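*Asks:*
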Amino acid sequence: MGRIFETRKATMFARWDRMAKAFTRVSKEIAIAAKSGGGSPESNPQLRRAIQNARAVNMPKDKIENAIK
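Positions in the sequence shown are counted from 1; adding 19 to them yields the working numbering.
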């Protein structure tokens with residue numbers, strides 16, 4: 020494929036690794052908040068803050084909803 024492809028591939032994998040770590044960390048925060056205070060962000064400030072953190076790292080909405088369940 021070539022040297023430039025390998026450079027791009029390394030950059031993409033590094034980005035995906037950072038995203039995976041961030042998504043995992045935020046998913047755990049959301050799951051813990053949902054279990055401790057309920058699944059409604061309106062009545063659970065800890066969950067509301069965790070969802071804001073998830074949006075800050077551009078986590079997809081379906082992954083946020085799955086973490087709440």
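The beta-carbon is built from N, C-alpha and C at its ideal position, and this holds for glycine as well. Quick caveat: nothing in here was measured; it's all calculated off a predicted structure.
#1: Just checking my contact of SER46 with ALA86 at CB under 8 Å: how many whole Å lie between their CB atoms?
#2: In terms of residues, what are the limits of the alpha helix (DSSP H) holding GLU48?
#3: Does DSSP put GLU84 in a helix, a strand or coil?
#4: Helix, strand or coil for PRO79 per DSSP?
#5: Under the three-state reduction of DSSP, which class applies to ASN63: helix, strand or coil?
*Replies:* Looking at the atomic coordinates:
#1: 4 Å
#2: 22 to 56
#3: helix
#4: coil
#5: coil
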